[in-house]
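Chains as they are written, first to last, in the numbering used here: chain P, 13 to 411; chain X, 13 to 411.
Reading through the structure tokens given below for one structure.
2 protein chains.
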Amino acid sequence: MISVEKALEIIINSGQDFGAEISVEEIPFLKSSGRILKESIFADRDFPPFNRVTMDGIAIDVSSFQNGQRSYKIEGIQPAGSEQISLKNAENCIEVMTGAVLPKNTSAVIRYEDLQISDGIAKIMVEEINHFQNIHEKGKDEQKGTKLIAKNTLIGAAEIGVFATVGKSFVKVAKHPKVMIISTGDELVSVDEIPLAHQIRKSNVFTLVSLLKKLHISSEISHILDDKVVLKSKIKGYLETFDVLLFSGAVSKGKFDFLPEVLEELGVQKLFHQVAQRPGKPFWFGQTATCKVFAFPGNPVSTFVNCLVYFYPWFFKSVGLKMEGKTAILSENVIFKPNLTYFLSIKINYRFGHLIATPINANGSGDLASLLKADGFMQLPNEQNEFKKGESYPIINYK
Amino acid sequence: MISVEKALEIIINSGQDFGAEISVEEIPFLKSSGRILKESIFADRDFPPFNRVTMDGIAIDVSSFQNGQRSYKIEGIQPAGSEQISLKNAENCIEVMTGAVLPKNTSAVIRYEDLQISDGIAKIMVEEINHFQNIHEKGKDEQKGTKLIAKNTLIGAAEIGVFATVGKSFVKVAKHPKVMIISTGDELVSVDEIPLAHQIRKSNVFTLVSLLKKLHISSEISHILDDKVVLKSKIKGYLETFDVLLFSGAVSKGKFDFLPEVLEELGVQKLFHQVAQRPGKPFWFGQTATCKVFAFPGNPVSTFVNCLVYFYPWFFKSVGLKMEGKTAILSENVIFKPNLTYFLSIKINYRFGHLIATPINANGSGDLASLLKADGFMQLPNEQNEFKKGESYPIINYK
Numbered sequence: 013m014i015s016v017e018k019a020l021e022i023i024i025n026s027g028q029d030f031g032a033e034i035s036v037e038e039i040p041f042l043k044s045s046g047r048i049l050k051e052s053i054f055a056d057r058d059f060p061p062f063n064r065v066t067m068d069g070i071a072i073d074v075s076s077f078q079n080g081q082r083s084y085k086i087e088g089i090q091p092a093g094s095e096q097i098s099l100k101n102a103e104n105c106i107e108v109m110t111g112a113v114l115p116k117n118t119s120a121v122i123r124y125e126d127l128q129i130s131d132g133i134a135k136i137m138v139e140e141i142n143h144f145q146n147i148h149e150k151g152k153d154e155q156k157g158t159k160l161i162a163k164n165t166l167i168g169a170a171e172i173g174v175f176a177t178v179g180k181s182f183v184k185v186a187k188h189p190k191v192m193i194i195s196t197g198d199e200l201v202s203v204d205e206i207p208l209a210h211q212i213r214k215s216n217v218f219t220l221v222s223l224l225k226k227l228h229i230s231s232e233i234s235h236i237l238d239d240k241v242v243l244k245s246k247i248k249g250y251l252e253t254f255d256v257l258l259f260s261g262a263v264s265k266g267k268f269d270f271l272p273e274v275l276e277e278l279g280v281q282k283l284f285h286q287v288a289q290r291p292g293k294p295f296w297f298g299q300t301a302t303c304k305v306f307a308f309p310g311n312p313v314s315t316f317v318n319c320l321v322y323f324y325p326w327f328f329k330s331v332g333l334k335m336e337g338k339t340a341i342l343s344e345n346v347i348f349k350p351n352l353t354y355f356l357s358i359k360i361n362y363r364f365g366h367l368i369a370t371p372i373n374a375n376g377s378g379d380l381a382s383l384l385k386a387d388g389f390m391q392l393p394n395e396q397n398e399f400k401k402g403e404s405y406p407i408i409n410y411k
Numbered sequence: 013m014i015s016v017e018k019a020l021e022i023i024i025n026s027g028q029d030f031g032a033e034i035s036v037e038e039i040p041f042l043k044s045s046g047r048i049l050k051e052s053i054f055a056d057r058d059f060p061p062f063n064r065v066t067m068d069g070i071a072i073d074v075s076s077f078q079n080g081q082r083s084y085k086i087e088g089i090q091p092a093g094s095e096q097i098s099l100k101n102a103e104n105c106i107e108v109m110t111g112a113v114l115p116k117n118t119s120a121v122i123r124y125e126d127l128q129i130s131d132g133i134a135k136i137m138v139e140e141i142n143h144f145q146n147i148h149e150k151g152k153d154e155q156k157g158t159k160l161i162a163k164n165t166l167i168g169a170a171e172i173g174v175f176a177t178v179g180k181s182f183v184k185v186a187k188h189p190k191v192m193i194i195s196t197g198d199e200l201v202s203v204d205e206i207p208l209a210h211q212i213r214k215s216n217v218f219t220l221v222s223l224l225k226k227l228h229i230s231s232e233i234s235h236i237l238d239d240k241v242v243l244k245s246k247i248k249g250y251l252e253t254f255d256v257l258l259f260s261g262a263v264s265k266g267k268f269d270f271l272p273e274v275l276e277e278l279g280v281q282k283l284f285h286q287v288a289q290r291p292g293k294p295f296w297f298g299q300t301a302t303c304k305v306f307a308f309p310g311n312p313v314s315t316f317v318n319c320l321v322y323f324y325p326w327f328f329k330s331v332g333l334k335m336e337g338k339t340a341i342l343s344e345n346v347i348f349k350p351n352l353t354y355f356l357s358i359k360i361n362y363r364f365g366h367l368i369a370t371p372i373n374a375n376g377s378g379d380l381a382s383l384l385k386a387d388g389f390m391q392l393p394n395e396q397n398e399f400k401k402g403e404s405y406p407i408i409n410y411k
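Here it is in structure tokens:
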């Protein structure tokens, strides 16, 4: 049995194809939010591209004001979206609108609030004017050619806005792995069936679909009964077609837990089986040349935890995304004796800039309802047995 | 000019139709993640529905063990997904698999690791057996009829798993508002055009589309030139067709900022214009009987901030979702003199359970690129001018 840290290291280092250039696709920029950028984005012009007026009012030549002039004849108007005009007489002014190009021969904008306008004359009512006030200077934010967004950035609303601004109507993003999610177990019936007394409805595959959807990965699902021959022939096909298989169940020591045996018979190289953790111990991980196989234990909480703890970081690594680890502060003492990493169900609250983690009472790895009450897990290391109120530990939140 | 708090109060209390029963739709459960549940979900059976074996091994009658017995003839096997069988002879045992129903007349499960099995006899190698060990007792997590998920819950992976478990193949969720996002301004050209020197590409509408997509709201977009007649006729149609209009631009004091005037002429009741904040001051908000109109200022950061600060909470209220406020701790002193609420661009980091907010240098509301470097805003109240390192304030994070 290996440690959580070792298991994660093996998974992360098992190699990924999805981060390579070969696994890049080009999509319309507006569909790219939530995806990972696979090219650098540069400023195609200065930001802003011209001396941009930031207040509605008038533009003047500051030197006239410094010479004591306060009243200005309005010589013309410069709306946003019009070609730059010029101030012809340095003792006149031009009315300017927010977003407009600053007219040639002007060097400050005075807003309407500081003016009195009548009969085509604007009178300045303030006693101080600064050079280039109310002007967003050409190139002040970013200069043409500057790298604005680095490769491997997670795309959000701000990136979408910048793609539009620099004219990137298509962007290169990481291709997502083709994932098949497979449940096993004769006790499972489908959602729209009424289970018999000894049966339960399938749920883990749907939980996994939803956890993957959060990463913008679409997946397929399949259910296989506990029959070794059928299991083997179906999995063989999946191994050839998909980049990743996620299993839930059939990895314990039971008589009908064929899965590890079947996978090895099909040539999947086992990298480990069983991790020193609770919940989620019987986790099996292996690979072929083209497919990663995450075989999670079938208990609902085990599947949930293992997807977050192992599949998520593997995916982030494979697409080149660096995720900052989060930590929170325990709200009460916790004792956990077994020599295992403990994934404690927690509820997270914000108090004055502190993340407070309150343990949620869970009845073991079968307690699906406990996942509703919690919003994350705290990872309590196996070297310790006592975890004190006020101490901070890593967390994984899923809400 | 009103305060941010007052503006938010007016928006929130302006009424919403989307939270009412009339605005509920029923969708397939697997498509419901990210949506808001509009019915309560109850346990259709006990959780778990039977005494469920949690370890592979054997089931025995504990009293035999207490009487000193250690070797048990294997009388039968109880796999997961099979009808419950009975232990016929109290001095025998039944092999049981994880997920199986506990056989009748048995009261503990001993895992394979603690057994030696040969010739059909299982020998127990441990000296202590507890009543009902390795059994997840019927109804222990939740009893039949218990409310598992309350109405108005945001649906995530855990909820999806529970829907499947209780057989909810369709669920009632809040209908989302029909939203039209409209940009104005003659200076704007489309993403695939090369702008002239005085033009820029449209970007705010796409930023808004992306911010709404995060809330699982799909929206439409439209661009109208600064022509009062065209503006008026188009907006008239939108007011009749959509639940919400989001504008970006044309709300300042400029000569071509027709929008507030046009909206009022079209019978949109103005609830306020201008809020004491930076960025985003010229924000205009109004309504008709069937449509809310958020008219945001056209600067990229202003639009971005205002969507997060005003549209997001309005939407949460309208669908019945309670969101916990977040706070973070300032990493350095900040001075802001104007009598305005200041939305400071920040980068957020986690350190030992503390959320640390580091100010990002931004060149005012036109600095779109600053949104890339930050991942949120800190809301600094207008009653103060100095904000000290170590103090905590509300944050809105968008990454």
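Every residue, glycine too, gets a C-beta built ideally from N, C-alpha and C.
As the structure is a computational prediction, the values presented were derived from the model and not from experiment.
(Q) Quick check: is the beta carbon of X:T339 nearer than 7 Å to any beta carbon in chain P? (A) It does; some Cβ of chain P falls within 7 Å.
Q | Separation of P:L99 from P:C105, as counted between CA atoms | A | Going by the C-alpha atoms only, they are around 7 Å apart.
Q. Helix, strand or coil for X:A92 per DSSP?
A. Note: X:A92 maps to coil in three-state DSSP.
Q. Does the beta carbon of P:K412 sit closer than 7 Å to a beta carbon anywhere in chain X?
A. Nothing about residue 412 of chain P can be reported from this structure: the residues present for chain P run from 13 to 411 only.
Q: Kindly list, in the order they appear in chain P, the residues whose Cβ is closer than 8 Å to that of X:F295.
A: In chain order: nothing, as chain P lies at least about 14 Å away.
Q: Report yes or no: do three or more beta-carbon pairs, one from the region 329-346 of chain P and one from the region 361-375 of chain P, lie closer than 8 Å?
A: Yes: the two stretches touch, three or more of their Cβ pairs being nearer than 8 Å.
Q: Keeping to the same chain, check which residues put their C-beta closer than 6 Å to that of X:T165; ignore five residues upstream and five downstream.
A: Closer than 6 Å at the Cβ level, and outside the excluded window around X:T165, lie L49.
Q.
What does DSSP give as the partner residue(s) for X:V256 in the beta ladder?
A. Answer by DSSP bridge pairing, in chain order: X:V191 and X:K304.
**Q.** Contacts of X:F54 in chain P (Cβ-Cβ under 8 Å)
**A.** Neighbours of X:F54 on chain P: none; closest Cβ ~12 Å, over 8 Å.
Q: Report the neighbours of X:Q96 on chain P: residues whose CB is nearer than 8 Å to its CB, in chain order.
A: Scanning chain P for C-beta atoms nearer than 8 Å to the C-beta of X:Q96 yields A209 and H210, reported in chain order.
Q) Using a C-beta to C-beta distance shorter than 7 Å, which residues of chain X count as neighbours of P:R213? A) Simply A176, T177 and G179.
Q: For P:T66, go through chain X and note every residue whose CB falls closer than 9 Å to its CB, in chain order.
A: Simply N311, G376, S377 and G378.
Q. Taking C-alpha atoms, which residue in X:A307, X:N117, X:D204 and X:F270 lies nearest to P:P40?
A. Closest option to P:P40, Cα to Cα, is X:D204.
**Q.** For P:F62, the first and last residue of its enclosing beta strand (DSSP E)
**A.** For P:F62, there is no enclosing beta strand (DSSP E), since its DSSP letter is neither H nor E.
Q) At a Cβ threshold of 7 Å, is X:T219 touching chain P? A) Cβ-Cβ to chain P under 7 Å: yes for X:T219.
Q. List, in order along the chain, the chain X residues whose C-beta lies closer than 8 Å to that of P:G249?
A. Within 8 Å Cβ-Cβ: nothing; P:G249 doesn't reach chain X, min ~23 Å.
Q | Beta-ladder partner(s) of P:R123, from DSSP | A | As DSSP reads the structure, P:R123 sits in a beta bridge with P:G69.
Q) Counting pairs of Cβ atoms below 8 Å between the region 68-86 of chain X and the region 132-140 of chain X, do you hit three or more? A) Yes, the region 68-86 of chain X touches the region 132-140 of chain X.
(Q) Quick check on X:K293: does DSSP put it in helix, strand or coil? (A) Coil at X:K293, not helix or strand.
Q.
Using a Cβ-Cβ distance cut-off of 7 Å, determine whether P:I172 contacts chain X.
A. Yes, its Cβ sits closer than 7 Å to a Cβ of chain X.
Q) Nearest CA to the CA of P:A340: which residue from X:F355, X:N361, X:L392 and X:F62? A) For the residues X:F355, X:N361, X:L392 and X:F62, the minimum Cα distance to P:A340 belongs to X:N361.
Q: Let me know the secondary structure DSSP gives X:E33 once reduced to three states.
A: Since pLDDT at X:E33 reaches only 49, below the 50 mark, its modelled position is unreliable, and no value is offered.
Q. Whole-angstrom Cβ separation of X:A169 and P:S222, contact assumed at under 8 Å?
A. X:A169 to P:S222, Cβ: 4 Å. Contact.
(Q) Spatial neighbours of P:L380 within its chain, please: C-beta separation below 8 Å, excluding the five flanking residues on both sides. (A) Answer for P:L380: S215, P312 and V313, listed in chain order.
(Q) Once the 5 residues before and after X:F62 are set aside, which same chain residues still bring their CB inside 6 Å of it? (A) When the five nearest sequence neighbours on each side are left out, the beta carbons in the same chain lying within less than 6 Å of the beta carbon of X:F62 are those of V113 and K150, in order along the chain.
Q: Assess, as a yes-or-no matter, whether the region 151-160 of chain X is touched by the region 57-73 of chain X under the definition of 3 or more beta carbon pairs within less than 8 Å.
A: The answer is yes - the region 151-160 of chain X touches the region 57-73 of chain X, with three or more Cβ pairs under 8 Å.
Q. Using the C-alpha atoms, what's the distance from X:Y405 back to X:L275?
A. For the pair X:L275 and X:Y405, the Cα-to-Cα distance works out to about 36 Å.
Q: Leaving out five residues on either side along the sequence, give the residues of the same chain with a beta carbon under 8 Å from the beta carbon of P:K116.
A: The beta carbon of P:K116 is closer than 8 Å to those of Q96, I97, S98 and L99 in its chain, skipping five residues each way along the sequence.
Q) Going by beta carbon distance, what residues of the same chain come within less than 7 Å of P:R123, once the five residues before and after it are set aside? A) For P:R123, where only same-chain residues beyond five positions count, the Cβ hits under 7 Å are M67, D68, G69 and N146.
**Q.** Whole-angstrom distance between X:M13 and X:A288, CA atom to CA atom
**A.** Roughly 6 Å separates the two Cα atoms.
Q.
Quick check on the DSSP output: the beta strand (DSSP E) that includes X:T370 runs from which residue to which?
A. It spans H366 to P371 - the beta strand (DSSP E) in which X:T370 sits, taken as one unbroken run.
Q: Measure how close the beta-carbons of P:A71 and P:T110 come, nearest whole angstrom, since I'm counting them as under 8 Å.
A: Contact flag wrong, Cβ pair sits at about 12 Å.
Q) Does any residue of chain X bring its CB to less than 7 Å from the CB of P:S45? A) By this cut-off, P:S45 is an interface position.
Q. Would you call the CB atoms of X:I53 and X:I167 closer than 7 Å?
A. In this structure, the beta-carbon distance from X:I53 to X:I167 does not fall below 7 Å.
(Q) Please list, in chain order, the residues of the region 137-153 of chain P that have any C-beta partner in chain X closer than 8 Å. (A) Per Cβ criterion, the list reads H148, K152 and D153.
Q | Cross-chain neighbours of P:I161 in chain X, by beta carbon under 7 Å | A | What P:I161 touches in chain X: L384.
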